[in-house]
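Reading through the structure tokens given below for one structure.
Residue numbers (the numbering used here): 12 to 653.
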């Protein structure tokens with residue numbers, strides 16, 4: 012790898028964290044003072060010249076994760092040489108795909124330039140930025156598009172600044188201001204400013220990046236933009252309280268939290284402070300969230316809108332370094348290297364894994380990670396607005412069992428009717444899965460309202476969104492109550508019987524008086540799923556279902572044996588006696604707008620309520636590696652006695 016030594020700039024002495032008034036709002040005048048003290052040097056966003064010097068000095072062709080990633084970034088940048096710049100092509104109402112391509116290209120090209128000093132990367136980046144600057148706009152009606160485009164342009168402008176000619180700087184700077192940073196103050200495109208979901212994190216990050224990149228020419232706009240972010244991004248960051256969970260699921264955690272981290276890193280790097288944003292409740296714990304919700308199969312507990320796949324996240328390296336928790340990076344080196352191994356020329360410029368180059372700025376030595384003691388809990392509950400609980404038998408045993416249980420409400424951000432649903436891993440395999448989100452564009456292009464949570468919304472006609480398409484209960488074929496909310500009412504991490512119980516009555520209002528589900532992990536590594544219903548109308552039918560990618564190997568009485576490759580899992584209906592398994596096709600789309608779900612099926616059974624109106628459904632899942640299974644002779648007790 013070619014290495015060129017760059018000059019090291021003297022670090023700016025930053026005054027202490029600015030005072031805050033009685034309301035907790037940061038003072039604009041103090042921000043003006045702080046911005047006026049920023050030296051007229053680049054790079055400054057996220058990292059300065061000295062930090063890039065340190066990254067280059069750490070590369071030694073030893074095959075470390077940092078070396079592998081650095082070489083991959085340079086290779087990626089080389090592949091972009093003949094890829095034409097993006098064009099202003101919308102998919103439906105979004106330009107977001109193109110914005111993400113811009114960001115991915117600029118991070119790889121600008122990082123490759125910082126690693127090698129080769130101006131070929133600047134010329135290619137300049138071509139991209141001038142093309143984007145020429146767009147009529149960056150689609151402000153869907154402001155995420157503007158945010159990611161502005162961030163890409165800001166990174167390119169800042170990290171390549173010294174090798175750009177003045178005419179290009181002027182054009183790019185003008186576009187960053189007029190098509191990005193100025194819009195919230197000069198147009199109607201500002202509804203996102205007070206957002207409480209990932210939009211707040213992403214958009215404030217993008218606007219702050221643009222503002223700090225051009226602050227030499229626009230100091231007042233920079234001060235106002237930073238103030239806007241500091242005052243409003245806490246609305247989104249409240250989601251991390253109290254223990255670092257994320258209501259929109261791990262997929263959207265990766266999105267919102269990554270941009271949140273970039274925002275804090277930029278504030279720290281340029282202004283010398285993150286203004287106590289990193290001290291918000293739960294933020295110091297959220298670095299473990301992805302590990303906690305990732306099973307030994309490598310798949311995540313993907314409640315809400317999101318897939319179960321787990322990609323490397325550069326933000327995790329920031330968290331691990333910031334909070335001295337290398338165990339939060341469990342498996343991350345392997346994910347980075349696997350992503351790089353699977354990278355090919357078609358991926359260059361696609362927008363996928365666009366933030367991965369940032370990991371180079373926050374990585375520590377591989378050996379420190381390999382020797383890190385795992386301090387994360389085996390059993391955990393979020394205690395958040397979207398309550399979840401997870402239980403696992405081990406962090407290191409490849410045959411360990413993992414189960415996740417979801418409470419909350421279908422009407423939560425990106426919510427689905429998955430209240431009471433569970434996922435299950437054993438012997439390195441995902442047995443009970445969540446199908447994930449339906450594609451947004453395909454639904455929207457039909458004129459369907461995907462984003463209303465009303466009970467009669469089009470959203471609940473989609474199989475993947477309704478309780479019919481989840482591992483939860485269905486009573487008389489009816490939907491869950493969209494505005495209902497379920498709490499985890501009992502949680503135990505005691506090693507003899509770790510368990511969680513969720514009170515589901517509010518999401519089955521009008522269908523039953525009381526509905527509870529308990530999930531427990533037995534010492535044998537088996538899992539018990541127990542449902543207790545009261546006040547069910549006579550003759551009502553209650554369906555228990557579990558979607559699985561497995562093949563049914565055999566059935567013997569109440570026991571169903573599933574297989575995936577060489578692994579086996581048995582499901583035993585303990586109660587009620589006489590219930591029998593059936594198979595529900597989940598591959599075939601139910602409606603014209605539903606996507607197929609290849610390789611999946613639901614194993615299910617139905618129970619009819621008697622005049623007593625009380626039901627108890629008990630299933631035990633037994634991994635094939637279990638030495639002393641108790642599934643077929645398990646003696647259930649009331650959830651009250653768990």
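Even for Gly, the Cβ is constructed at its ideal location relative to N, Cα and C.
Item                                                                                                                         : Value
Local Cβ density within 10 Å of residue 30, reported as buried at 16 or more and exposed below that                          : Low confidence applies to residue 30: its pLDDT is 36, below 50, so where it sits in the model is not reliable, and the reading given next is rough at best. Looking at its Cβ environment, which holds fewer than 16 other Cβ atoms inside 10 Å, residue 30 is exposed.
For residue 528, the first and last residue of its enclosing alpha helix (DSSP H)                                            : From DSSP, residue 528 is part of no alpha helix (DSSP H) but of the beta strand (DSSP E) over 525-532.
Three-state secondary structure (DSSP) of residue 115                                                                        : helix
Residue 551 versus residue 620: straight-line alpha-carbon distance, rounded                                                 : 5 Å
Residues of its chain near residue 682, where Cβ-Cβ distance is below 7 Å and the 5 sequence neighbours each way are ignored : Residue 682 is absent from the model: the chain starts at 12 and stops at 653.
Inter-stretch contact (C-beta, 8 Å, three-pair minimum) for the segment 486-498 and the segment 517-530                      : yes
C-alpha gap between residue 112 and residue 530, whole angstroms                                                             : 42 Å
Inter-residue spacing [alpha-carbon to alpha-carbon] between residue 609 and residue 641                                     : 33 Å
Residue burial classification, residue 32 (beta-carbon count within 10 angstroms, cutoff 16)                                 : For residue 32, the pLDDT reaches just 34, beneath the cut-off of 50, and the residue's location in the model is therefore unreliable, although a value from the coordinates is still provided. Exposed is the call here.
Residue 617 versus residue 580 - alpha carbon distance                                                                       : 21 Å
Sequence-distant residues of its chain with Cβ nearer than 6 Å to residue 501 (five each side left out)                      : 512
Residues near residue 34 in its chain [Cβ-Cβ closer than 7 Å; skip 5 each side]                                              : Because residue 34 sits at a pLDDT of 38, beneath the cut-off of 50, its placement in the model cannot be relied upon, and the following sentence gives the value as read from the coordinates. Once the five neighbours on either side are set aside, residue 34 has no close Cβ partner at all.
Simplified DSSP assignment, three categories, for residue 639                                                                : coil
Residue 325 and residue 282 closer than 7 Å at C-beta                                                                        : no
Rounded straight-line distance, which links the Cα of residue 201 to that of residue 222                                     : 16 Å
Collapsed DSSP secondary structure at residue 24 in the structure displayed                                                  : Low per-residue confidence applies at residue 24: pLDDT is 34, beneath 50, and the placement is therefore not dependable, though the value from the model is reported in the following sentence. Residue 24: coil per DSSP, three-state reduction.
Every unbroken beta strand (DSSP E) within the segment 350-384, with a cutoff of 3 residues, ordered by chain                : none
Residue 437, DSSP secondary structure in three states                                                                        : strand
Residue 562, enclosing beta strand (DSSP E) - first and last residue                                                         : 562-567
Environment of residue 87 [buried if 16+ CB atoms lie within 10 Å]                                                           : buried
Secondary structure of residue 182, DSSP reduced to three states                                                             : helix
Range of the contiguous beta strand (DSSP E) that encloses residue 632                                                       : 625-634
Entirely enclosed alpha helix (DSSP H) segments - the segment 114-148, minimum 4 residues                                    : 130-144
Residues that residue 419 bridges to, as DSSP identifies them                                                                : 497
Residue 571 versus residue 563 - alpha carbon distance                                                                       : 7 Å
Proximity below 7 Å, CB of residue 166 to CB of residue 121                                                                  : yes
Close-in-space but distant-in-sequence residues of the same chain around residue 354 (CB under 7 Å, 5 per side omitted)      : 83
Buried/exposed call for residue 100, threshold 16 Cβ in 10 Å                                                                 : exposed
Beta-ladder partner(s) of residue 542, from DSSP                                                                             : 528, 628
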